Amino acid sequence: MVWDNSHNVYQSNSVLRSANIFYSRFILNCHDIWWSSNLVGCHDCLFCHDLENAAYHINNVVYEKDAYETEKQ
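Quick look at the structure:
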């Protein structure tokens, strides 16, 4: 179930107005999300759960943009 201008969504469900979502569920107004669930207004998150308006998080821990990119690699 992917709705309302969502694109580039893979193996995910319940995605609304989001882009670049992979292996995730219950995502709203987000982009660049991997292996996460229950996110609203987030971007650049890996393995995150139950966050709102978060950016550059891995396992619900916030990183600076450069550190996030390094950890992501």
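The numbering of the sequence shown is this note's numbering, which starts it at 150 and goes up by one.
Ideal Cβ placement from N, Cα and C applies to all residues, glycine included.
Because the structure is a prediction, the values reported are computed rather than measured.
Skipping 5 residues on each side, what residues in its chain have a beta carbon closer than 7 angstroms to that of R166? D153, N154, S155, L177, N178
Is the beta carbon of S163 sitting closer than 7 angstroms to the one on M150? yes
Is it the case that the Cβ atoms of I170 and V158 are separated by a distance below 7 angstroms? yes
Need the endpoints of the beta strand (DSSP E) that Y159 sits in, please. 156-159
For D193, does the count of other Cβ atoms within 10 angstroms reach 16, so buried, or fall short, so exposed? buried
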